[in-house]
Amino acid sequence: MTELNKIRNFSIVAHIDHGKSTLADRLIQETGTVKDRDMQEQMLDSMDIERERGITIKANTVRIDYKADDGEDYVLNLIDTPGHVDFAYEVSRSMRAVEGSLLVVDSSQGVEAQTLANVYHAMDADHEIVSILNKIDLPASDCDRVAEQIEDVIGLDATDAIQVSAKTGQGIRETLEAIVTRLPAPVGERDAPLKAMLVDSWYDAYLGVIVLVRIIDGVLKKGERIKMLSNSSVHHVDRIGVFKPQREEIAELGPGEMGFLTASIKQVRDTRVGDTITHEKKGTDEALPGFKPAQPVVFCGLFPVDSAEFEDLRDAIDKLALNDASFSFEMETSAALGFGFRCGFLGLLHLEVIRDRIEREYNIELITTAPSVIYHIHMKDGTMQELHNPADMPDLTFVDHMQEPRIKATILVPDEYLGDVLKLCQDRRGIQEDLTYAGTRAMVVYDLPLNEVVFDFYDRLKSVTKGYASFDYQMTGYRQDHLVKMSILVNDEPVDALSTMVHRDRAEMRGRAMVEKLKDLIPRHMFKIPIQAAIGGKVIARETLSAMRKDVTAKCYGGDATRKKKLLEKQKAGKKKMRQFGKVDIPQEAFISALKMDS
């Protein structure tokens with residue numbers, strides 16, 4: 000049982016690659032939480048993909064025991080949060096579980112877009128924030144300039160920012176002291192009804208779902224019956240413990256403490272992130288504020304390259320969904336690709352991570368269709384439908400208007416690349432909202448349509464700025480626009496996997512690019528193949544793939560010209576008949592390349 004004033008709960012926030020997982024490693028090592036021989040890089044990143052890409056995907060937690068300079072023993076609960084925009088909901092609710100944050104800024108790179116986004120999450124949660132300038136061992140490090148930038152851009156006082164090198168361990172002791180002296184202790188009542196916040200949950204093959212909780216009021220003990228407020232399900236607590244990164248069981252968790260519980264829960268879907276947990280009897284009725292289920296933003300189809308692997312894909316997706324409540328899926332069939340799943344993701348990185356995990360952990364080769372977003376279709380009878388897949392578009396005679404999701408994008412970029420960035424945003428139908436300077440870097444705020452960003456906006460942004468720009472976005476809502484469904488017809492047959500929603504003004508350009516690309520990708524057949532892009536019944540672009548031709552007159556030598564003519568006429572009639580009944584084989588590679596549009 001730890002006294003409240005001896006507990007500190009904090010998270011580390013930073014832009015991607017500014018060194019927060021390394022800083023967490025040093026804090027763990029400095030306090031002797033993990034013995035040196037068990038220490039490894041990125042201690043809290045457990046997935047291979049996290050180590051490989053050097054990013055944090057799941058928020059992780061660790062309990063550190065620290066003896067401060069004043070001789071007192073403190074318990075520090077650290078949450079290591081993801082820095083990437085797709086996992087922003089992980090960040091926002093991890094913030095609600097702690098009282099303070101360490102803001103880590105790379106002293107050579109300065110403030111980036113995600114630094115801002117994550118700091119705003121921390122400010123929304125009323126955190127006390129301690130600034131840390133990391134990587135001071137680098138020759139390019141410039142602490143004064145970056146401290147000034149923190150004050151200009153974020154508005155935090157950075158005069159007493161701690162200078163740290165997480166790699167060499169310099170400044171780690173000062174950081175620990177600052178956590179104890181500058182961050183507030185949690186508040187809570189031991190005798191009040193139990194009120195605990197569900198911070199995260201994941202699936203374990205032996206224990207079922209492991210739930211990470213932060214106790215606000217009351218005490219949670221082993222063997223008690225608990226109730227989730229969002230779905231009123233009741234569970235019996237099997238074990239309670241804390242992470243030191245390894246699991247360690249304890250008898251009870253009191254107010255202000257963080258730990259985990261298991262209660263033989265079968266699915267992660269039953270444990271909603273941000274939910275309130277209380278006792279079945281004499282519990283609290285009021286839920287903690289700020290609970291929102293995660294909404295998928297980007298949809299795409301996943302199909303196995305070998306259709307015999309469909310059942311394996313179903314197993315793989317089921318297992319991943321056990322562990323990731325924000326990932327949704329339903330079955331779908333496509334004439335071109337066979338059976339597969341229509342899946343919803345939080346963003347493009349989330350999509351890539353799930354796809355990589357299926358290919359790597361389950362050895363299934365996948366085809367991913369073009370990512371699309373959810374459109375709102377308002378019908379003439381006053382009803383509204385959500386459109387997830389362009390192939391399901393209702394008849395236009397019944398449609399009144401369509402709305403698409405918009406985002407507010409914040410881009411930080413060195414000013415020599417500013418023109419290219421503005422042009423890229425204008426090309427993607429962006430509306431400029433703000434442009435300010437912080438030193439030599441411009442901060443641009445744009446209102447952009449999400450479907451223009453989903454394709455390859457991030458890659459294009461990185462290439463026009465040589466990798467120097469940083470980008471962050473948040474959803475702002477829906478707005479009406481002139482959108483149309485563009486279908487691709489091959490030999491007069493629509494190919495559903497290639498249909499996309501585009502803006503009317505850009506449809507012809509998009510259509511022309513698509514048919515030209517397909518002309519190079521589809522192999523030639525014995526008959527001529529028209530490739531068309533169409534909106535409704537109107538063809539807006541066309542290419543014709545010429546036929547392969549056999550020399551049927553080779554066996555004629557000498558004699559009358561009508562003999563050759565007769566054979567050529569016969570061949571012509573055969574090709575005409577073939578075109579009516581012939582089937583065009585579109586190879587899988589053609590699909591994959593055609594979907595990588597917009598180059």
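The sequence shown stops at residue 598 when you use numbering that gives the first Met the number 0, and every number in between is there.
Glycine residues also receive a C-beta, built at the ideal position from the N, C-alpha and C atoms.
Three-way DSSP call (helix, strand, coil) for residue i in this model
i: SER200; result: strand
i: ALA450; result: Per the sequence shown, residue 450 should be read as Asn rather than Ala. The answer is helix: DSSP assigns ASN450 an H, G or I state.
i: ASN362; result: coil
i: THR367; result: strand
i: HIS14; result: coil
i: SER462; result: helix
i: GLU568; result: helix
i: GLY70; result: coil
i: PRO599; result: Since the displayed the chain opens at 0 and closes at 598, residue 599 lies outside it and no answer follows.
i: ALA533; result: strand
i: ASP105; result: strand
i: PRO413; result: strand
i: GLN384; result: strand
i: ALA560; result: helix
i: LYS281; result: coil
i: LYS19; result: helix
i: ASN230; result: coil
i: HIS377; result: strand
i: LEU43; result: Interpretation of LEU43 is limited by its pLDDT of 47, a score under 50 that renders its predicted location unreliable; the figure taken from the coordinates is listed afterwards. Correct three-state label for LEU43: coil.
i: CYS424; result: helix
i: MET442; result: strand
i: THR55; result: With a pLDDT of 46 at THR55, under the threshold of 50, the modelled position of this residue cannot be trusted; read the value that follows with caution. It is coil, neither helix nor strand.
i: GLY573; result: helix
Spatial neighbours of residue i in its chain, beta-carbon cut-off 6 Å, leaving aside the 5 residues before and after
i: MET547; result: ARG523, MET525
i: ALA157; result: SER130, ALA146, ILE149, GLU150
i: ALA124; result: MET94, ARG95
i: ILE171; result: ARG25, GLU29
i: GLU507; result: ILE539
Integer-rounded CB distance, given that residue j should sit under 8 Å from residue i
i: ILE363; j: GLU310; result: At roughly 10 Å, the Cβ-Cβ gap does not stay under 8 Å, so ILE363 and GLU310 are not in contact.
i: VAL444; j: ASP433; result: 4 Å
i: ILE225; j: VAL236; result: 6 Å
i: THR283; j: PRO192; result: 4 Å
i: LEU336; j: ASP274; result: No, LEU336 and ASP274 are not in contact; Cβ-Cβ is about 37 Å, not under 8 Å.
i: GLY429; j: LEU447; result: 5 Å
i: ASP394; j: LYS379; result: ASP394 to LYS379, Cβ: 11 Å. No contact.
i: VAL212; j: GLY258; result: 7 Å
Cutoff 7 Å; reference residue i; Cβ partners in own chain excluding five residues on either side
i: ASP203; result: ILE209
i: THR167; result: ASP136
i: PHE470; result: ALA112, ALA408, ILE410, TYR457, LEU460
i: PRO413; result: THR439, ARG440, TYR467
i: VAL509; result: According to the sequence as given, residue 509 is Arg; it is not Val. Cβ within range, chain order: MET485, VAL501.
i: SER498; result: PRO389, ALA390, LYS484, MET485, SER486, ILE487
i: ILE63; result: LEU26, ILE27, THR30, THR32, LEU75, LEU77
i: GLN570; result: VAL551
i: LEU206; result: THR261
Contact set for residue i: own chain, Cβ-Cβ below 8 Å, skip 5 residues either direction
i: ILE48; result: Summary for ILE48: the model assigns pLDDT 49, below 50, so the residue's position carries little reliability, and this model does not support an answer.
i: GLU176; result: ALA67, ASP68
i: CYS555; result: ARG562, LYS563, LEU566
i: ASP269; result: VAL208, MET227, ASN230, SER232
i: GLU188; result: ASP216, GLY217, PRO254
One or two residues paired with residue i in a DSSP bridge
i: GLU513; result: The question names Glu, yet the displayed sequence has Met at residue 513. Its beta-bridge partners do not exist; DSSP assigns none.
i: ARG62; result: ASN76
i: PHE309; result: Bridge partners of PHE309: none, in fact.
i: THR499; result: MET485
i: PHE328; result: CYS342
i: ARG25; result: In the DSSP output, where bridge partners are listed per residue, ARG25 has none listed.
i: GLY258; result: VAL212
i: VAL372; result: VAL297
i: ILE131; result: VAL103, ILE161
Any non-hydrogen atom of the ligand ADP closer than 6 Å to residue i Cβ
i: THR543; result: Questions concerning the ligand ADP fall outside what the structure shown contains, since it holds no ligand whatsoever.
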